[in-house]
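Visitor: Under mature numbering (1 follows the signal peptide of the UniProt record, and there is no 0), the residues of the sequence shown are numbered -27 to -1, 1 to 147, in order.
Got a structure for you, questions after.
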Amino acid sequence: MHFHKWLRKYVAAVLAFILLGYPPPSAQACSCGEQSATKRLEKTEAVFQGVVTDIRQNGADEEVIFAVTKTWKGDKLPERRTLSAPGSCHYRFERGVEYVVFASGYQAEDGSTSLRVYNCWGTAPVSEAYGDIAELDYGLPLNIRHLLPIPEQRYAWYLSLFDAISDICQQPAK
């Protein structure tokens, strides 16, 4: 009888260890596969760079207003408004931060259309998106950070130098 009590406690301890050792599976709704900026450009309706000037609640959505500084795809407007979807795929913007935004068209039940941003589409602060910017501007591969021995935050300097050299090369001969 003493053996059965010990066995029950042992089995309970092993089961508890197993159950506590394995966290419950997380929802995979926002699991993102890595895609190049060019692929994401093809799949979305608008791709632009802009500074967040305002964030407003719009029902369940968050309306984000950008002062656009560059447009790769979509209408070239000085200001863009996007909706950030609620839930686990919601992208959280900060006022005053500049982003590269990948957005798709969305038609509401009332027939109105807007741009919508989700986590997996590649939207990111400019400070984290130099690889995407290089790919969108110059066709350089997304994994440029593996090709150049420079930290991510220094891409801006290298891209500015590349821009200056490109401008010099494109000037007509005198």
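Glycine residues also receive a C-beta, built at the ideal position from the N, C-alpha and C atoms.
#1: How many Å lie between residue 76 and residue 34 at the Cα?
#2: Grouping DSSP H, G and I as helix and E and B as strand, with all else coil, what is residue 11?
#3: I want to know whether the stretch 23 to 33 touches the stretch 5 to 14 - three or more CB-CB distances under 8 Å.
#4: Determine the burial state of residue 95: buried for a count of at least 16 other Cβ atoms within 10 Å of its Cβ, exposed for fewer.
#5: With DSSP collapsed to three states, give me the class of residue 6.
#6: Nearest-angstrom Cα distance between residue 92 and residue 85?
#7: Does DSSP classify residue 83 as helix, strand or coil?
Guide: Judging by the given coordinates:
#1: By 1-based counting over the sequence shown, the position of residue 76 is 103. By 1-based counting over the sequence shown, the position of residue 34 is 61. In a straight line, the C-alpha of residue 76 is about 14 Å away from that of residue 34.
#2: For this step, residue 11 is matched to residue 38 along the sequence shown. In the structure shown, residue 11 sits in a helix (DSSP, three-state: H, G or I).
#3: no
#4: Walking along the sequence shown from the start, residue 95 turns up at place 122. Buried: at least 16 other Cβ atoms inside 10 Å.
#5: Here residue 6 refers to the residue found at position 33 when the sequence shown is read from its first residue. It is coil, neither helix nor strand.
#6: Taking the first residue of the sequence shown as position 1, residue 92 is located at position 119. Taking the first residue of the sequence shown as position 1, residue 85 is located at position 112. Each residue's alpha carbon lies about 23 Å from the other.
#7: In the sequence shown, residue 83 corresponds to position 110, counting from 1. Looking at residue 83 - three-state DSSP - the assignment turns out to be coil, as it is neither helix nor strand.
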